[in-house]
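Residue 950 in the working numbering sits at position 941 of the sequence shown, and the numbers go up by one each step.
Presented below is the structure to which this report refers.
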Amino acid sequence: MGNRRKSVEKMDMSDDFGDLEDELMTLERNECAYLNAPTFVADAPQSAPPALPVATPPPAARAADAAPNSAPTSAPAPVVSMLDLIKSSLSTAVNELLERAEQLRVLHATLNGEVCVDSASSSVAKEEDERIARRKAVVDSLIEQRKQAITLRVLQRSRDARAGGANANDPERMHAKLDQIEAQSLAESERPSSPVIWTALVELLTQEERDYMAKSADEIFEEQLKYPKDVEEKHELIRTHLDAIFQHAAPTKNGHVLRRSASHSIGNVLRDFNSIFCACYDNYLRAVEHIAIVLPMAAADVNQVAAILAQVLVFKYKALGEWHEFVQGCVLDALFVHLQPTLHGLYVVAFAAEDSFVEQRALALRERRLADFGVRPRFRLDDGDASDSGANNGLLDHNELRLRSLRRYEAAIYIMNDLPNHRSPWEKLALLAKLCRTIDETIRTYYAELRSTPTPPPENLNLTADDLCSLLAFVLVMSPAMCRHVYSQLAILGSFLPPSHAAGEEGFAIATFTSAVRFLTHLTVDDALKSILHSNASMSAPSRSSVILLVVAVLHCVVLWSLRVSVSELTPVVQALTSTVYFRRESNGSIFALDSRDNSVNELQDSQLYARYVGLAMHQSSGRIFWSDGRSIKYKAVDVPQPPLPPPTTTTLVGSLAHVTWHGVNFGTQRSDLMELRVLDVPCVSVLQWSPTMVECIVALPTTDATSVTTDNCVIRTTSGSMTGFARNYGEMRAYGYPSPIVEYLELVVRPLRPQALAFENAILPSADNDQWLYWSNTLDGNIYRSSLTSTALEVVQTRAWGVRGLALLPASAQVANGSAVLFFSLEGKGKIMQRLLPSSNPNVAATVLLTGLSSPRGLAVSATQSKLFFAEKTGRIFKVQLVSAPQSLVQGASKRVLTLPTTTRLDGLAVDSSNLYWCETNSNVVARASIDAFERQVLVGGSANLALSWPRAVVLRTFNGISNALDSGQFFFSEYTGRISRGTAATVIINELTAPTMIHLDQLLLQASSQTHNSHVHFYGLE
């Protein structure tokens, strides 16, 4: 009896309980059959009791068969009492098992997130269902009411909207439209009868939460509010609780729900409003002619609901009374999260024409310096004359002045670009106020650190509203991300500006920024030209060529070679030349072409999907050439073997980066127990962290498709076994005591690449350790890596190195840095060249500044035999630096300019051998060199119809021993941006990935233009 009960209790809770009663009846029959044996009768003889066969019928059946022949007799008293006892025991067992079954059913339902109610709570469940039905009825009613109101408003004002739609590019009309929508939004929100309809959403709220998780969270929150905290801690506490109330869904990790989502009544109100808002306004995203009419109503609806919910929260949580405004801001943030696709889309569609106009205007003015925006000299921060006359500034190069100003205001430009990434209008306002403070701090910091010239007195550094307006216009033009949606962002800020902020710092910031946008829309390229010509009217003859280049840059950077004409001769030259500028609106995006002949902007479809060669490196000992196509790093042998050996093939070295962390148990008792890690069948040998319960590694994968890598492609193997992916039954496997690795969950992050510069150590001794590592920069994460050529090892050499355009290595054999190898890299945006000793023990430590104050440094080359560093500035200048072994600096003296080309040349890659320096000129489409001693320019490839090139970018040499002349042996290679790598002066193509129709068309245009020496239309390179 006891053993059978234990077997029943061990049943799995997921089994079917339907056959439980049949099993118990079988048990009862077997027990009764056994207990009815004669051995239980006290008066029966004990000599030889007959054995009862297993198939013997039960006592009841035998009694029925004997009834006709014998009179019924009563059972003996001991037997009857024993049967009663047995029946009582069986009844107790049945009740216990049924109770156990009910407990298992409740547990099973709880694990599946079901709510089990008994008969006592059935009335509560029924009441909850009725309340949900009433909520749905209220939502349906409000949808009908609001749709009718919107339709009526559209019918009333459609004629005015059509009348105001003419001349979409008129700045005055654009400003009037913005002012009108902001004013109407405010008026709509303050209408006394409007908020009444939304109060219906909160009428069904209960005094106490029905959901036990929501109720528990409220109790904890109210308890925490009782304890004293500073303002920041109080804000964080309130924000965290409200985020939990308004959350979209339950939090998940690796596809698994971490906990059940709390159903808070106030959160349900917000979700109900989301349903109403989307049902009413979604259709107007496609009705451009009516969207400006409904926009004030949409803004008013959001503002009113935010105010109502804030009032409800303050009433529900009494301690929030003093934080009413902050609570309303949190509610507005939650509304913008839930309404994001529809609400933000309404503003983007409504101001699409205005945003496009500003973006094109900013693009045309992006090459201008601060003087063209009316900024006074003292606030330009370009190291020129700080006096208001600025008499000496005209003697400096225009592009150099602009880049100096850009570097000074880099922090402000970053904030401006970051502003569209924030959804909440209150966060946008705070960021805009921070932007204004940053501009003021930048100016004061600049003059506080300036020691070379007399500085203005502190009272002269105070910004007026006009000064700030001009500076904001300049910062906006230099911020492409913000330029795409200026008017839609202004409309959002104006429509949701809290009254308390209107007269404060945020109100002043938005008013000044709006003035800056208006100033920008009225500023044309012609106005900038007039101001430049006026300010340079008194220039000397030698400086007039820079004036010509400056004006041509405004007209889309038309390349003019060595012209020395007066200002009066400028007009006919500009009219005779046209250009097409190629650029990107976003990093790694499509290529756009701006044609100055009709000011049209055309997108080269799918151009972001195809190769563009931006980096090149030669591995001397193996004869393999490595290149970056903007998304991956590939390599191929340059020497073609003799048949029957197959020709060399292209191999992808790095296509994406995978960062994997295994969490679980049994990962070894010591580090040596970890045998292997694999991701997508690639060994992951760069282990960052190890413990018995966690292993972290980073590996470079050959695939560029980050979505193809899943946790099922991750394998961990120790001396005790291996596991692929993670264990779905982690708890059971751990309970059973499996010795092999048991993975609870995996953190897998696979990131795409944007590799730029590449470099090897061209050591005289090819057996040097660094010769087996490829160094490369990734502009996507701002890191410099090195990848092993003999394994899959990957190491981070330097972090926070943004905008690296050039890499070069000085081998340890040069005996400059106390026998250590040195990595040099250029930071174009900061105008610096940095140095780091190798090997890199801590990549997070900032590198040492070698040179600073440069103008867009890009390509680097090191002559190990002569201990010289060469670097190129994008604007057409090449410098050399003598390297020495010194404790403080590797530079002896200042850098010396050795070559000057027109500022529109666009230099990039450099290479050097024992006699010559090689470089690529992108816009003039030639590959040239000069002797290290005389530095006289000699064109090697390009510049003629027979050898036309399309934007050459990088050049490398194969010198074998680091001394021989690469040109004499035909061992120099160069890349073209559109997707080719060629060899020697004959430009023999060895690698060609130019297969896409879009890039082929672009390549043909460039080749045709570069082959015509007197072409009046120039294709200008403005890409990365």
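By construction, the Cβ of each residue, glycine as well, lies at the ideal position given by its N, Cα and C atoms.
| Item | Value |
| --- | --- |
| Assigned secondary structure, S695 (DSSP; H/G/I helix, E/B strand, else coil) | strand |
| Residues near E363 in its chain [Cβ-Cβ closer than 6 Å; skip 5 each side] | M183 and Y496 |
| Coarse secondary structure for L564, derived from DSSP in three states | Confidence is the limiting factor: at L564 the pLDDT is only 33, short of 50, which leaves the residue's position unreliable, though a coordinate-based value still follows. Three-state result, L564: coil. |
| Environment of E111 [buried if 16+ CB atoms lie within 10 Å] | exposed |
| Proximal residues to I1068 (C-beta, below 7 Å), its chain only, five neighbours per side dropped | There is simply no residue 1068 to check, as the chain begins at 10 and stops at 1033 in what is shown. |
| Counted within 10 angstroms of its Cβ, other Cβ atoms place F833 as buried (16 or more) or exposed | buried |
| Presumed contact (8 Å Cβ cut-off) between V323 and L344, rounded CB distance | That belief does not hold up - the Cβ atoms of V323 and L344 are roughly 17 Å apart, past 8 Å. |
| Supposed close pair S786, P764 - CB separation, criterion 8 Å | 7 Å |
| Beta-carbon contacts of Q154 that lie in its chain and below 8 Å, excluding the five residues immediately before and after | I206 |
| Same chain, Cβ closer than 7 Å to A537, neighbours up to 5 away in sequence not counted | Because A537 carries a pLDDT of 43, less than 50, the predicted location of this residue cannot be relied on, and no value is offered for it. |
| Among E450, T589 and T160, the one whose alpha carbon lies nearest that of N292 | T160 |
| Closest by C-alpha distance to F635, when choosing among E705, Y754, T447 and A766 | A766 |
| Nearest to I254 (by Cα), restricted to the options C693, E139, P761 and C339 | C339 |
| CB of L1035 within 7 Å of CB of V358, strictly | The structure shown has nothing for residue 1035, since the chain only spans 10 to 1033. |
| Within the segment 703-755, ranges of the alpha helix (DSSP H) (whole runs, at least 4 residues) | 739-745 |
| Length of the line joining the Cα atoms of N853 and I793 | 11 Å |
| Among V384, L666, Y739 and L329, nearest to L789 - alpha-carbon criterion | L666 |
| Span separating the alpha-carbon of F1029 from that of T914 | 10 Å |
| Own chain, CB closer than 7 Å to R453, minus 5 neighbours either side, in chain order | L470 |
| Other residues of its chain near Q614: CB distance less than 8 Å, five sequence neighbours each side excluded | S599 and T1007 |
| Separation of L798 from D633, as counted between CA atoms | Strictly speaking, residue 633 in this sequence is Arg, with Asp absent from that position. Cα to Cα, R633 sits roughly 11 Å from L798. |
| Cβ pair count under 8 Å reaching 3, the segment 795-815 against the segment 749-759 | no |
| Distance between E837 and W928 (C-alpha atoms, nearest Å) | 17 Å |
| Any 3 or more C-beta pairs closer than 8 Å across the segment 884-894 and the segment 905-919 | yes |
| Top-ranked residue by Cα proximity to L415, from T931, V964, I751 and S864 | S864 |
| K643 to T660 span [Cα, whole Å] | 6 Å |
| Buried or exposed (CB count within 10 angstroms, at least 16 for buried), R737 | exposed |
| Which of helix, strand or coil DSSP assigns to L818 | strand |
| Rounded C-alpha distance that separates Y784 from R814 | 13 Å |
| Rounded straight-line distance, which links the Cα of L379 to that of F483 | 7 Å |
| G1031 vs Y591 beta-carbon contact at 7 Å | yes |
| Opening and closing residue of the beta strand (DSSP E) in which P434 lies | Note, P434: premise wrong, no beta strand (DSSP E); alpha helix (DSSP H) at P434 to E458. |
| DSSP bridge partner residues for D604 (one or two, in chain order) | T589 and S609 |
| Member of H244, S272 and R248 whose CA lies at the smallest distance from the CA of L214 | S272 |
| Nearest-angstrom Cβ-Cβ length linking I448 and L412, presumed shorter than 8 Å | Between L412 and I448 the Cβ distance is about 18 Å, and since that is not below 8 Å, they are no contact. |
| Beta strand (DSSP E) runs contained entirely in the segment 848-936, provided each spans 3 or more residues | 857-860, 866-872, 877-882, 886-892, 900-909, 916-921 and 925-930 |
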